[in-house]
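Heads up: the structure comes next, in structure tokens.
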Amino acid sequence: MSLEPIRRFLPRAIQTAGIAEQVTAARVLFEAKQSLVRLWGEEKAAYVEMVSFAEGTLKIASRAGAALQELKMQTVRFQNDVNRVLGGKVVKKILLVNK
Numbered sequence: 432m433s434l435e436p437i438r439r440f441l442p443r444a445i446q447t448a449g450i451a452e453q454v455t456a457a458r459v460l461f462e463a464k465q466s467l468v469r470l471w472g473e474e475k476a477a478y479v480e481m482v483s484f485a486e487g488t489l490k491i492a493s494r495a496g497a498a499l500q501e502l503k504m505q506t507v508r509f510q511n512d513v514n515r516v517l518g519g520k521v522v523k524k525i526l527l528v529n530k
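Numbering (our numbering), first residue to last: 432 to 530.
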């Protein structure tokens, strides 16, 4: 029995298990947070929480109105950075909400 590389096996296993959407959502949330840390730094990015991702919409929340306002001004740059890391236009819309 030969071993199959995980890069070939994992996508098929995810599809078979029916969890592709959940895996994509988790990856988007992780990469979005990392992207925000790259843009703002760790301390400032801590004010913002990635809430959910569904049907192309990334939901972001914060209690700090200033953080939401700044992110609103940088939405296009942030969205482009996240999509670049994900390798395609995965995030189509960003929804900013107060906690």
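Built from N, CA and C at the ideal position, the CB exists for glycine as well.
Rounded to whole angstroms, the separation of the alpha carbons of Lys-490 and Lys-524 is 9 Å. Distance from Lys-530 to Ala-492 at the Cβ level is roughly 5 Å; contact confirmed, criterion being Cβ atoms closer than 8 Å. Taking a cut-off of 8 Å on C-beta distances, the stretch 493-501 does not touch the stretch 459-467, as fewer than three cross pairs fall below it.
In the three-state DSSP reduction, Glu-480 falls in the strand class (E or B). When secondary structure is reduced to three states using DSSP, Lys-503 falls in the helix class.
Within its own chain, the residues whose Cβ lies closer than 6 Å to the Cβ of Thr-506, once the five positions on either side in sequence are excluded, are Ile-525, listed in chain order. The beta carbon of Ala-456 lies closer than 6 Å to those of Phe-484 in the same chain, with the five residues before and after it left out. Ile-437: not part of any beta strand (DSSP E); member of the alpha helix (DSSP H) spanning 437-448, first to last residue.
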